[in-house]
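Take the sequence shown: its letters are residues -21 to -1, 1 to 117, numbered as in mature numbering (1 follows the signal peptide of the UniProt record, and there is no 0). One structure below.
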Amino acid sequence: MKTAALAATLALAALSSSASAIDLAAPGETALKVTKLQMGIKGPAVAACPADAELNIWVFTNKEGTVPVYIAKAGGGVTGPHQVTTKKTANGTYMGTYFRDLTIHQPIDARYRASAPQHKQLSNWVPLKASCAFGLGG
């Protein structure tokens, strides 16, 4: 009995690792695919800190759906998943966005990228630089 339960558990684990629910589609239906993933960071406009920056991720797909994306910092740290829902745009493509305000409190020189690992997509590396030459507190 224990052997059968163990075999069933291992089979379920193998199945779930080889095909996620996102990859599966009903017969005759196209599976959701990420066709492009882009990221951009608008750095602080001033050399004083605290300062504001903006992070944007654009997810392009073959149809409407929700895509989990992650944000990685070069050298360590990953956040997510952040759920991005794509909708049909005026030009017939499908796109969704993720937006995040960032507050910079100290000097930074880092690179970030977005990923949609279930769809094997990575964005370009994007720099975030701030000198904080003039500290204003905060």
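All C-beta atoms, glycine included, are put in the ideal place defined by N, C-alpha and C.
In this structure, Trp104 keeps its C-beta atom at 8 Å or more from the C-beta atom of Ala32. Under the three-state reduction of DSSP, His61 is assigned to strand. If you draw a straight line from the Cα of Leu34 to the Cα of Lys12, it is about 23 Å long. For Pro106, the secondary structure class from DSSP, reduced to helix, strand or coil, is strand. A contact is defined here as three or more CB-CB pairs under 8 Å, and the stretch 68 to 82 meets this definition with respect to the stretch 41 to 57. Residue burial annotation: Pro23 is buried, with at least 16 other C-beta atoms found within 10 angstroms of its C-beta.
Between the alpha carbons of Thr14 and Gly7 lies a distance of about 20 Å. Going by C-alpha positions, His84 is about 28 Å away from Leu16. In the DSSP assignment, Gln17 falls within the beta strand (DSSP E) that extends over 13 to 21. Restricting attention to Ala69, Cys111, His98, Phe78, the CA atom closest to the CA of Pro47 is found in His98. Sequence-distant Cβ neighbours of Val63 in its own chain, meaning closer than 6 Å and more than five residues away, are Val38, Val46, Val48, Gly75, Tyr77.
A direct Cα-to-Cα measurement between Thr58 and Val25 gives close to 26 Å.
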